[in-house]
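To start, the structure itself, in structure tokens.
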Ligand code: IPD
Ligand code: CA
Ligand code: CA
């Protein structure tokens with residue numbers, strides 16, 4: 027199989043999902059609650075995932091799928107597509123224009139491709155293993171900042187509002203006391219990672235993310251020259267994880283605060 031076809035399929039699927047996002051954005055949608063009262067789902071999430079799987083299956087009928095909204099039967103393929111059909115659902119449900127679609131491809135346990143599309147801004151971020159990271163065909167790289175002071179950081183809050191959330195609030199205080207420029211909370215982990223990859227921010231952390239939230243963003247950050255790890259600097263697998271992403275130069279300083 028020509029690897030160009032993986033990128034072609036992922037970009038086509040992401041753009042199709044983007045059309046669905048644009049169709050439903052700012053409409054009065056029925057909002058359903060999945061687990062906790064903060065974990066929402068809309069018709070746009072469900073329709074996008076169906077479309078993405080349909081497009082990719084058109085290219086690769088035998089591949090595996092892990093999606094946020096549906097369960098899929100396992101095949102014996104080495105390839106798994108990891109899909110967040112709408113990352114930033116809470117924003118979307120409040121007509122706040124910060125959300126995207128995130129699609130990654132893993133061969134066995136190794137990420138080989140990531141595509142993230144922000145339909146409202148028409149920003150397509152993508153990366154293939156060892157081929158660099160791009161935003162709308164332009165190569166992107168992480169920021170040059172090499173200390174926390176003066177860095178812009180991003181964080182996120184998982185749906186659990188327990189001890190981990192309290193700890194994140196505490197870590198925010200600690201970072202702010204180290205003279206960082208600021209902390210942002212955009213509400214879309216996939217875009218947060220893209221913003222680190224293209225240097226709009228220098229670091230990001232979140233105490234729990236699912237593989238569909240971070241997989242595409244992880245390879246995009248790494249291919250842009252950045253670093254992604256767990257909170258103790260360990261490699262992360264494609265499982266629910268604590269995520270620290272940075273331009274690499276401030277990674278240890280971030281870990282020092284987050285450990
Ligand atoms: C959420 C967003 C958010 C992050 C949450 C995620 P969803 O994904 O990425 O930024 O803080 O942890 O679950 O539910 O909008 O796809
Ligand atoms: Ca998500
Ligand atoms: Ca989602």
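Residue numbers (this note's numbering): 27 to 285.
Backbone N, C-alpha and C define an ideal beta-carbon position, used for all residues, glycine too.
Asked, Found
"Is the CB-CB distance between residue 245 and residue 146 below 8 Å?", "no"
"Quick one: residues in its chain with C-beta nearer than 7 Å to the C-beta of residue 44, no 5 flanking neighbours on either side, listed in chain order?", "127, 143, 145"
"Nearer than 7 Å: is that true of the beta carbon of residue 115 relative to any heavy atom of ligand 5?", "For ligand 5, the structure offers nothing, since it holds only ligand 1, ligand 2 and ligand 3."
"Can you determine whether any heavy atom of ligand 2 sits closer than 7 Å to the C-beta of residue 96, and answer yes or no?", "no"
"Skipping 5 residues on each side, what residues in its chain have a beta carbon closer than 8 Å to that of residue 256?", "262, 267, 268, 269, 270"
"Give the C-beta separation of residue 238 and residue 109 to the nearest angstrom, bearing in mind that I take them to be a contact with Cβ-Cβ under 8 Å.", "6 Å"
"Does DSSP put residue 186 in a helix, a strand or coil?", "coil"
"So, is residue 47 buried or exposed, given that buried needs 16 or more other C-beta atoms within 10 angstroms?", "buried"
"Does the count of Cβ pairs from the region 49-69 and the region 112-126 closer than 8 Å reach three?", "yes"
"Verify whether the separation of the beta carbon atoms of residue 215 and residue 193 is less than 8 Å.", "no"
"Under the three-state reduction of DSSP, which class applies to residue 210: helix, strand or coil?", "strand"
"Thinking just about the alpha-carbon of each residue, which of 258, 95, 188, 180 is nearest to the one in residue 60?", "95"
"Where do the N-terminal and C-terminal ends of the alpha helix (DSSP H) with residue 240 fall, by residue?", "237-249"
"Please go through the region 77-133 and give each complete beta strand (DSSP E) segment of 3 or more residues, from N-terminal end onward.", "90-93, 105-113, 126-133"
"Tell me the DSSP secondary structure of residue 215 in three-state form.", "helix"
"With distances taken from CA atoms, which of 221, 178, 129, 153 is nearest residue 205?", "178"
"Ligand 1 and residue 144: does the residue's C-beta get closer than 7 Å to at least one heavy atom of that ligand?", "no"
"Of the choices 175, 157, 173, whose alpha-carbon is the least far from that of residue 167?", "157"
"Let me confirm a value: residue 159 is counted as buried when at least 16 other C-beta atoms fall within 10 Å, else exposed. Which label applies?", "buried"
"Could you tell me how far apart the beta carbons of residue 202 and residue 209 are, in whole angstroms, since I believe they sit closer than 8 Å?", "7 Å"
"Quick one: what's got a C-beta closer than 8 Å to residue 190's C-beta in the same chain, skipping five residues either side?", "184, 233, 234"
"Between which residues of its own chain and residue 212 is the CB-CB distance below 7 Å, once the five residues before and five after are set aside?", "124, 180, 218"
"According to DSSP, is residue 35 helix, strand or coil?", "helix"
"Indicate the three-state DSSP secondary structure (helix, strand or coil) for residue 164 in the structure shown.", "strand"
"Find the nearest neighbour of residue 42 within the set 195, 74, 54, judged by alpha-carbon distance.", "74"
"Of all the options 281, 76, 195, 182, which has the alpha carbon lying nearest to the alpha carbon of residue 334?", "Look at the range of the chain in this structure, 27 to 285, and you will see that residue 334 is not part of it."
"Out of curiosity, what's the CA-to-CA distance linking residue 174 and residue 99?", "45 Å"
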